[in-house]
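Trainee: As given, the protein sequences belong to chains A and B, one line each in that order.
Residue numbers for the first sequence follow the numbering used here, beginning at 1 and rising by one.
Residue numbers for the second sequence follow the numbering used here, beginning at 1 and rising by one.
One structure is given below, represented as structure tokens, and several questions about it will come after.
Protein chains: 2
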Amino acid sequence: MRRSGTTVGGTVIPIGEGRNGAAATKQRVLDAAEALFVEHGFEATSLRAITTAAGVNLAAVNYHFGSKEELFQAVLTRRLDPMNQRRVALLEALEDEGGDAPVPCDRILAAMFLPALELARDPERGGADFLRLLGRAYADPAPFIRHFLSEHYAPMIARFKDAFARALPQLPRRELSWRLHFIMGALSYTLAGTDALKLIHEIAPADGGANDELLLRRLAPFLLAGLTSPLPDLDEAGGGLDGALGPSAGERR
Amino acid sequence: MRRSGTTVGGTVIPIGEGRNGAAATKQRVLDAAEALFVEHGFEATSLRAITTAAGVNLAAVNYHFGSKEELFQAVLTRRLDPMNQRRVALLEALEDEGGDAPVPCDRILAAMFLPALELARDPERGGADFLRLLGRAYADPAPFIRHFLSEHYAPMIARFKDAFARALPQLPRRELSWRLHFIMGALSYTLAGTDALKLIHEIAPADGGANDELLLRRLAPFLLAGLTSPLPDLDEAGGGLDGALGPSAGERR
DNA sequence: CCGAAATTCAAACGTTTGTTTGAACTGAAC
DNA sequence: GTTCAGTTCAAACAAACGTTTGAATTTCGG
């Protein structure tokens, strides 16, 4: 039987927990799952591989988490929720500080990136591995992963979009949505990297959190430039794509 | 036994091919695999689901392609190689046209995006589904997928990086590598989208190639702004991240 | 120190997976 | 019309999967 213990004042008091209690087992499973999920992906990671790496019994996952899918969600929630809460807290601090004036774009972007940076720097809290897992989860087609992400991400995204809308009043809402989407894309893809990085040479191999910091510091100015760029002329033929090609490029086949 | 037929003048002449010949079987398998891989991912798509959807025998995949992994590579190659060849061809046309002068950034970017745009517009050649599959493959941790992509992508990437380096002589090579990586990230993430799009509202749901065209036309100017932005000051404390936060945001915990 | 609850454990559950097998079938060349 | 390589087919393969079971063990309040 699975029990969650007696609740006192809203906080759950774990019961039956000695030197190697249930909490230690759960944490070892979460740590092992985090490392293996990021290395092989969700589908390709078996519960046997996780429990073996964690040094616990196979049945421990279903006992403590219910199912493999719930374990995956638990792995994400452990790091993601605090990071997003911190993001919103930073943003609100900036807004309170500035009074009625809108927060500048670069500061809003900093509020998005800093918590990720802190997480990448802190191996105790998962370090860069978790950020890679998060980037991978974004591209995973599994419905339960998409549902999870939209539920845990949408509120934060909406919060930041409102802030950006105030900072860029001349930018149509629709255009802002697109640009935010591009930002999330470059961010998650970059965080998921390390493997795809090898496609482009001259980029130092990943060697811990220090590298992720440099990465985000290069990414932020890049995205800021795109975010604050003037409106493109979507009406013109080709929208700057077809039209940009010379006549000699037109002859195909 | 599997034979490839007699070769005449370098081209393979298929043998034993009636109304429903071997070539038709291979194509039906490729089409079904393409649709299912993009919907469920590589690991979560079974050969039985593919062969059932294609209306062929289960053993057909191993007979014609060898294994599930080789089938996946065949699905990618069919669309990817022509697209990348076209990209390089467009770029070379621009370079020949301009003589010794470097090709402008926006035209180089157009040479990267146009072939993807054409593919998205053409349902006969896979349409937008394949682009989504490609975006997913980028984030897949499977080693054979990463090897495949680096082999089939690296030459094109290197080619375009040289072109960008000529167009942006003031930009350090290292910085250019990063920015190109960000571009590939935003592009692949955006192409893989449709699901993640729902995180940000106000974006019209995907309804075919016309939408992908609008998407790329918004993405290209966004990335162009980041690509041509001035060098960030990486020496300053925080690199524009920590420094951008006000004093009140500094107090954590 | 006892008893009940929480947790761990080895074993087995029933499916599903990718792949292989050998016979049946097909279609053209001789 | 016989031959034979190419292709299709139903069936079976061993292995791995997530999950369940019920007994053994640990834990701790009373």
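Don't be surprised by glycine CBs; every beta carbon is placed ideally from N, CA and C.
None of these values were measured; they are calculated from a predicted model.
#1: When the Cα atoms are used, what is the spatial distance from leucine 214/A to proline 232/B?
#2: Might you give, ordered along the chain, the residues of its own chain that have their beta carbon closer than 7 Å to the beta carbon of leucine 47/B, omitting 5 neighbours on each side?
#3: Do leucine 187/A and leucine 109/A have their C-beta atoms within less than 8 Å of each other?
#4: Would you call the CB atoms of alanine 44/A and alanine 142/B closer than 8 Å?
#5: Have a look at alanine 49/B and proline 102/A and give me their C-alpha separation to the nearest angstrom.
#6: Just the C-alpha distance for glycine 87/B and leucine 171/A, rounded to the nearest angstrom, thanks.
#7: Considering only the alpha carbon of each residue, which of Arg174/A, Leu149/A, Pro155/A and Leu119/A lies closest to leucine 216/A?
#8: Output, in sequence order along the chain, the residues in the region 125 to 151 of chain A whose CB is closer than 8 Å to any CB in chain B.
#9: Taking leucine 191/A as the reference, give the member of Ile183/A, Ala139/A and Arg132/A with the closest Cα.
#10: Closest to isoleucine 145/B by C-alpha separation, out of Leu76/B, Arg174/B, Pro169/B and Glu97/B, would be which residue?
#11: Quick check on this structure: which residue in Thr51/B, Met83/B, Arg28/B and Leu168/B has the alpha carbon closest to the alpha carbon of proline 115/B?
#12: Any idea what DSSP makes of asparagine 84/B, helix, strand or coil?
#13: Could you check whether proline 104/B and alanine 24/B sit closer than 8 Å to each other, using their CB atoms as the reference points?
#14: Quick test of your reading: isoleucine 183/A and leucine 227/A, contact by CB under 8 Å. State the CB separation rounded to the nearest angstrom.
#15: Regarding histidine 64/B and the ligand SAH, is the C-beta to nearest heavy atom distance less than 7 Å?
#16: Restricting to Cα atoms, I'd like to know which of Gly21/A, Leu36/A and Ser229/A is closest to aspartate 129/A.
#17: For the alpha helix (DSSP H) that serine 150/A lies in, which residues bound it at each end?
#18: Just verifying my parser: in three-state terms, what is the DSSP assignment at phenylalanine 65/A?
#19: Using only the alpha-carbon positions, how far apart do alanine 165/B and serine 177/B sit?
#20: Smallest Cα separation from histidine 40/A: which of His181/B, His152/B and Asp140/B?
#21: Does any C-beta atom of chain B lie closer than 8 Å to the C-beta of leucine 229/A?
#22: So with Cβ pairs under 8 Å, would you call arginine 48/B a contact of chain A?
#23: For the region 36 to 69 of chain A, which residues have a beta carbon sitting closer than 7 Å to at least one beta carbon of chain B?
#24: Using only CA atoms, which one of Asp100/B, Ala220/B, Ala53/B and Pro123/B lies nearest to glutamate 175/A?
#25: Leaving out the 5 sequence neighbours to the left and right, which residues in its chain are closer than 7 Å to leucine 254/A when beta-carbon positions are compared?
#26: Between which two residues does the alpha helix (DSSP H) carrying threonine 190/B extend?
#27: From what residue to what residue does the alpha helix (DSSP H) around valine 38/A run?
#28: May I ask you to report which of helix, strand or coil DSSP gives aspartate 122/B?
#29: Counting only C-beta atoms, is proline 82/B closer than 8 Å to chain A at any point?
#30: Are the CB atoms of arginine 173/B and glycine 126/B within a distance shorter than 8 Å?
#31: For leucine 219/A, decide whether its Cβ has a neighbour in chain B, counting only Cβ atoms nearer than 8 Å.
#32: List the endpoints of the continuous alpha helix (DSSP H) containing leucine 231/A.
#33: Give the residues of chain A in contact with alanine 179/B, contact being defined as C-beta atoms less than 7 Å apart.
#34: Where does valine 75/B sit, in a helix, a strand or coil, going by DSSP?
#35: Answer yes or no: does any C-beta atom of chain B fall closer than 8 Å to that of proline 169/A?
#36: In terms of residue numbering, what span does the alpha helix (DSSP H) encompassing threonine 52/A cover?
Mentor: This is what the structure holds:
#1: Numbered from its first residue, the first sequence carries residue 214/A at position 214. Numbered from its first residue, the second sequence carries residue 232/B at position 232. Leucine 214/A and proline 232/B: Cα-Cα distance of roughly 12 Å.
#2: Counting from 1 along the second sequence, the entry for residue 47/B is found at position 47. Result list for leucine 47/B: Leu58, Val61 and Lys68, in chain order.
#3: The residue labelled residue 187/A in the question sits at position 187 within the first sequence. The residue labelled residue 109/A in the question sits at position 109 within the first sequence. Not closer than 8 Å, so no.
#4: Locating residue 44/A in the first sequence gives position 44, counting from the first residue. Locating residue 142/B in the second sequence gives position 142, counting from the first residue. Yes, Cβ-Cβ distance for alanine 44/A and alanine 142/B is below 8 Å.
#5: Here residue 49/B refers to the residue found at position 49 of the second sequence. Here residue 102/A refers to the residue found at position 102 of the first sequence. Using only the alpha carbons, I get a separation of about 53 Å.
#6: On the second sequence, residue 87/B is found 87 positions in, with the first residue counted as 1. On the first sequence, residue 171/A is found 171 positions in, with the first residue counted as 1. Note that residue 87/B is arginine in the sequence shown here, rather than glycine. Rounded to whole angstroms, arginine 87/B to leucine 171/A spans 32 Å at the Cα level.
#7: Against the first sequence, residue 216/A aligns to sequence position 216. Among Arg174/A, Leu149/A, Pro155/A and Leu119/A, the Cα nearest to that of leucine 216/A is on Leu119/A.
#8: Gly135, Arg136, Tyr138, Ala139, Asp140, Pro141, Ala142, Arg146, Leu149 and Ser150
#9: The residue labelled residue 191/A in the question sits at position 191 within the first sequence. Cα-wise, what sits closest to leucine 191/A is Arg132/A.
#10: Numbered from its first residue, the second sequence carries residue 145/B at position 145. Ranking Leu76/B, Arg174/B, Pro169/B and Glu97/B by Cα distance to isoleucine 145/B puts Leu76/B first.
#11: In the second sequence, counting from the first residue as 1, residue 115/B sits at position 115. Nearest of Thr51/B, Met83/B, Arg28/B and Leu168/B to proline 115/B, Cα basis: Met83/B.
#12: To locate residue 84/B, count along the second sequence from 1; it is residue 84. Three-state result, asparagine 84/B: helix.
#13: Numbered from 1 along the second sequence, position 24 holds the residue referred to as residue 24/B. Numbered from 1 along the second sequence, position 104 holds the residue referred to as residue 104/B. Cβ distance not < 8 Å, so alanine 24/B and proline 104/B don't count as in contact.
#14: Numbered from its first residue, the first sequence carries residue 183/A at position 183. Numbered from its first residue, the first sequence carries residue 227/A at position 227. That belief holds up - the Cβ atoms of isoleucine 183/A and leucine 227/A are roughly 7 Å apart, short of 8 Å.
#15: You won't find the ligand SAH in this model; it holds no ligand whatsoever.
#16: Position 129 of the first sequence, counting from 1, holds the residue named residue 129/A. With distances taken between Cα atoms, aspartate 129/A lies closest to Leu36/A.
#17: In the first sequence, residue 150/A corresponds to position 150, counting from 1. Element bounds for serine 150/A: 143 to 167.
#18: Within the first sequence, residue 65/A is the residue found at index 65, counting from 1. It is coil, neither helix nor strand.
#19: On the second sequence, residue 165/B is found 165 positions in, with the first residue counted as 1. On the second sequence, residue 177/B is found 177 positions in, with the first residue counted as 1. Alanine 165/B and serine 177/B: Cα-Cα distance of roughly 9 Å.
#20: To locate residue 40/A, count along the first sequence from 1; it is residue 40. Of the listed residues, the one whose Cα sits closest to histidine 40/A is Asp140/B.
#21: Counting from one through the first sequence, the residue named residue 229/A turns up at place 229. Per the sequence presented here, residue 229/A reads as serine, with leucine not at that position. Yes, because at least one Cβ of chain B sits closer than 8 Å to the Cβ of serine 229/A.
#22: Position 48 of the second sequence, counted from the start, is the residue given in the question as residue 48/B. It does not: the Cβ of arginine 48/B has no partner Cβ on chain A nearer than 8 Å.
#23: Glu39, His40, Gly41, Glu43 and Ala44
#24: Looking up residue 175/A in the first sequence gives position 175. Checked all of Asp100/B, Ala220/B, Ala53/B and Pro123/B; the closest Cα to glutamate 175/A is Ala220/B.
#25: The requested residue 254/A is not part of the displayed model; chain A covers only 1 to 253.
#26: Counting from one through the second sequence, the residue named residue 190/B turns up at place 190. Taken as a continuous stretch (DSSP letters only), the alpha helix (DSSP H) holding threonine 190/B covers 173 to 192.
#27: Residue numbering aside, residue 38/A sits at position 38 when the first sequence is read from its first letter. First-last of the alpha helix (DSSP H) with valine 38/A: 22 to 40.
#28: Here the question's residue 122/B lines up with position 122 in the second sequence. Here aspartate 122/B sits in coil by DSSP.
#29: Within the second sequence, residue 82/B is the residue found at index 82, counting from 1. By this cut-off, proline 82/B is not an interface position.
#30: Within the second sequence, the letter at position 126 stands for residue 126/B. Within the second sequence, the letter at position 173 stands for residue 173/B. Cβ distance not < 8 Å, so glycine 126/B and arginine 173/B don't count as in contact.
#31: By 1-based counting over the first sequence, the position of residue 219/A is 219. It does; some Cβ of chain B falls within 8 Å.
#32: Within the first sequence, residue 231/A is the residue found at index 231, counting from 1. Taken as a continuous stretch (DSSP letters only), leucine 231/A belongs to no alpha helix (DSSP H), as it is neither H nor E.
#33: Numbered from 1 along the second sequence, position 179 holds the residue referred to as residue 179/B. The sequence given here has arginine at residue 179/B, not alanine. Those are Phe222, listed as they occur along chain A.
#34: Reading the second sequence from its first residue, position 75 is the one you call residue 75/B. The answer is helix: DSSP assigns valine 75/B an H, G or I state.
#35: The residue labelled residue 169/A in the question sits at position 169 within the first sequence. Chain B, which has no Cβ nearer than 8 Å to the Cβ of proline 169/A, makes this no.
#36: Stepping through the first sequence from its first residue, residue 52/A is reached at position 52. Where threonine 52/A is concerned, the enclosing alpha helix (DSSP H) stretches over 47 to 54.
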